[in-house]
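There are 2 protein chains.
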Amino acid sequence: MFSSGPFEYHVVGIGNAIVDVLAKTDDAFLERHNLVKGSMNLIDEEMAHTLYGEMGPAREISGGSAANTVAGIAALGGKSAFIGKIADDELGEIFAHDIRSMGVTFTTQPQAGINPTARSFVLVTPDAQRTMNTYLGASQALSAGDVDEILIKSSLITFLEGYLWDPEEAKQAFLAAMDIAKAAGRSVALTLSDAFCVKKYREEFLGLVENRINILFANEVEITTLYETDNFEKALKNVTEKVDLAILTRSEKGSVILSAGNRIDVPAYPTQVVDTTGAGDSYAAGFLYALTHGYALEECGKLAARCASEVISHIGARPEIDLKTLLP
Amino acid sequence: MFSSGPFEYHVVGIGNAIVDVLAKTDDAFLERHNLVKGSMNLIDEEMAHTLYGEMGPAREISGGSAANTVAGIAALGGKSAFIGKIADDELGEIFAHDIRSMGVTFTTQPQAGINPTARSFVLVTPDAQRTMNTYLGASQALSAGDVDEILIKSSLITFLEGYLWDPEEAKQAFLAAMDIAKAAGRSVALTLSDAFCVKKYREEFLGLVENRINILFANEVEITTLYETDNFEKALKNVTEKVDLAILTRSEKGSVILSAGNRIDVPAYPTQVVDTTGAGDSYAAGFLYALTHGYALEECGKLAARCASEVISHIGARPEIDLKTLLP
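In order, the protein sequences belong to chains U and C. Going by my numbering, the letters in the first sequence line up with residues -18 to 309, in that order. Going by my numbering, the letters in the second sequence line up with residues -18 to 309, in that order.
Below you can see the structure in the form of structure tokens.
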């Protein structure tokens, strides 16, 4: 799956550097603001101001999809790093502190004179669903120049979030990272992130999956959107053998791992769901930790499911227990 | 107890405007940094930097003692306001959002060109005790000019936190607020906040209690420190009849209410303790809400104990459930 040569990091993640601003809300609030429950919406500064002004009291907890994943890998005892852009402000300081204090190497320099550090207003409804409204701010200033070549070369897997496939500069950063990883004989993993990303960049994502990606993470809605079908099994057939490894998650229905023509079904790990924020990110953390530590694929899926169950049992997308206790 | 004339607010609080930065830690970390478990320490910018750099991943939740109390009163359905100083920065924005979104009137203007908004690094050990390390920053810039006369006059009770009795400017703000309240026939309540405040300003606090305060909140350590005794009953005798109403809290041993020569003992409300941050603030919220809504004193103590039990059952000093469900 990946070069077994000497390495420094199991996984380096590249993504948006976001602080989550989490608040409880009700369905009426979502309706009043035309927000589709469970979705991730990109918002501009004006909408960010309006929404924040109207939502309830919140707590700030560092987030960001790929950032959550590498934080989870570090919490499991793996070595991980992160590349993402913060501004020279207080939320940037919070993001940097939180990820570093979990043991993740984070060397991207905060940048002055750009938009403020990204924040996502995460509205959690009584049914434990999260609806995200993200102001990308500083995150969008990531450019190819921020891609630390040595970091990529010395990581077994470079993990990219589809969310970042948007501003032209960030796309160039993505492609640069992929090229470096490939040239070094390393693997590239991608998560499709959200159906809206897939809808917006379907052709480009198909190209990435067919030509540049070794490991693909997607949930049911994302993979069916990618192959324009409403049939999960059909989408699954489409993706088989396009990548070395495809991991398809289906919430409480568990996940499906596809590799070399084989299919492994892994059940979800039962838990009391409080907030689904970060479920997919934490699943990817468990999976990639296990994969880079020589676990069999089924065991990768089981650890992934266990990690996801931990993060959805509380508010916030970062682990709250010592994840090492989940290791078999 | 207080003028029953027309009023706008049940309680206006004056205190430090703080965002709590809460992280789990262990006893070894406290020992390494010479921190006394359960205490509140004031730290300078350098120590703030060091401590933050070494502590684990955190979450930010608005706090501040008097601010927590007026937030709790609003959550119970009372009308409350807050006076406290924030800087023109992101933590200031977070503080202002959180308190306003709970329904508290907060009109103190953010100030540019002062130290950053106050933050308290709250370290929660596995035994659910909190050890606070507060960088006061912008909070200390509160001055008599910030005391909104109309707000004080139109509030049944002006509630002051002892924590703020430190910089000379803030003391002047305190005294100004007391004078306005007294002239308007309103009541003044004070919480002694922490034993270190009492030790540092014992003579001044004794003077306030004897001459300017109608309602006093203190925990066991604070009241015994004030009267330089290690005997709670002795301290209790000392404070009797110095104020109209003294409310002495004793954690799991419940609380004692002293008024007009009478003593009422109220048991603590049993709960699973997760984090004691804000216990006293939330107790004061329940008590003052009840007092300004015509409850008998014993019922004030019971609602107070119930509110305190809610806030110590989770991380963070602000309520997480709809407090109105706790009303009898």
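Positions of the beta carbon are idealized from the N, C-alpha and C atoms, including for glycine. Only a predicted model underlies this, so the values are computations on that prediction, with no experimental measurement involved.
Between the beta-carbon of residue i and the beta-carbon of residue j, is there less than 8 Å?
i	j	result
U:I238	U:V224	no
U:S136	U:T115	no
U:A119	U:I80	no
C:F213	C:A265	no
C:Q92	C:K66	yes
C:Y(-10)	C:A62	yes
U:A68	U:T98	yes
U:V292	U:A109	no
U:L123	U:V(-7)	no
U:K305	U:G45	no
U:G(-14)	U:G242	no
U:I138	U:T273	yes
U:L104	U:A9	no
U:A158	U:V128	yes
U:A151	U:Q121	yes
C:D1	C:I54	no
U:A289	U:C281	no
C:V220	C:R193	no
Should residue i go down as buried or exposed, given a rule of 16 or more other Cβ atoms within 10 Å for buried?
i	result
U:E130	exposed
C:Q90	exposed
C:K215	exposed
C:E184	exposed
C:K218	exposed
C:K60	buried
U:T205	buried
C:E233	exposed
U:A154	buried
C:E71	buried
U:Q253	exposed
C:A277	exposed
C:H34	With the sequence shown as reference, residue 34 of chain C is identified as Gly, and His is not the correct amino acid for it. With fewer than 16 other Cβ atoms within 10 Å, it is exposed.
C:A164	exposed
C:D211	exposed
C:A48	buried
U:T327	In the structure displayed, chain U extends from -18 to 309; residue 327 of chain U sits before or after that span and is not available.
U:V31	Inspection of the sequence shows that residue 31 of chain U is occupied by Thr rather than by Val. U:T31 should be labelled exposed.
C:G275	exposed
C:G126	exposed
U:Y188	Rather than Tyr, the amino acid found at residue 188 of chain U in this sequence is Gly. By the 10 Å Cβ count, U:G188 comes out exposed.
So residue i and residue j are supposed to be a Cβ contact under 8 Å. How far apart are they, rounded?
i	j	result
C:T172	C:G261	7 Å
C:R231	C:N200	7 Å
C:E203	C:D160	No, C:E203 and C:D160 are not in contact; Cβ-Cβ is about 25 Å, not under 8 Å.
U:L269	U:T50	7 Å
C:T106	C:L226	The pair is not a contact, with the Cβ atoms about 34 Å apart (cut-off 8 Å).
U:S240	U:L229	Incorrect: roughly 12 Å between the Cβ atoms, too far for contact.
U:E279	U:I245	5 Å
U:L156	U:V179	The pair is not a contact, with the Cβ atoms about 18 Å apart (cut-off 8 Å).
Name the chain U residues whose beta carbon is nearer than 7 Å to that of residue i?
i	result
C:E41	R40, E41 and I75
C:S101	The contacting residues do not exist; C:S101 stays about 14 Å from chain U at best.
C:R231	None at all; the shortest Cβ gap to chain U is about 29 Å.
C:R299	P38
Could you list which residues in chain C have their beta carbon closer than 7 Å to that of residue i, in chain order?
i	result
U:D70	E71
List the residues of chain C that residue i touches, going by C-beta distances under 9 Å, in chain order.
i	result
U:Y270	By Cβ distance, chain C contributes nothing, its closest Cβ being about 18 Å from U:Y270, past 9 Å.
U:S294	Near U:S294 there are no residues of chain C at all, since even the closest Cβ is about 14 Å away, more than 9 Å.
U:M113	Per Cβ cutoff of 9 Å: no residues; U:M113 is ~17 Å from chain C at best.
Below 8 Å on C-beta distance, what does residue i contact in chain C?
i	result
U:H78	Y33, G34, P38 and A39
U:M83	G37 and P38
In chain U, which residues lie less than 9 Å from residue i when you measure between Cβ atoms?
i	result
C:M21	Residues of chain U passing the Cβ test: none, with the nearest at roughly 21 Å.
Hey, is residue i close to the ligand ATP, as in C-beta under 7 Å from one of its heavy atoms?
i	result
C:P(-13)	Of ligands this structure carries none, so the ligand ATP is not represented either.
For residue i and chain B, any beta-carbon pair shorter than 8 Å?
i	result
C:G(-4)	The structure shown contains no chain B; the protein chains it does contain are U and C.
query = Do three or more CB pairs link the segment 293 to 300 of chain C to the segment 10 to 21 of chain C at distances below 8 Å?
reply = no
task = Assess, as a yes-or-no matter, whether the segment 132 to 151 of chain U is touched by the segment -6 to 10 of chain U under the definition of 3 or more beta carbon pairs within less than 8 Å.
result = yes
ask   = Are the segment 22 to 39 of chain U and the segment 23 to 34 of chain C in contact at 8 Å, needing three or more beta carbon pairs?
value = no
ask   = Would you call the segment 32 to 45 of chain U and the segment 270 to 286 of chain U in contact, with 3 or more CB pairs under 8 Å?
value = no
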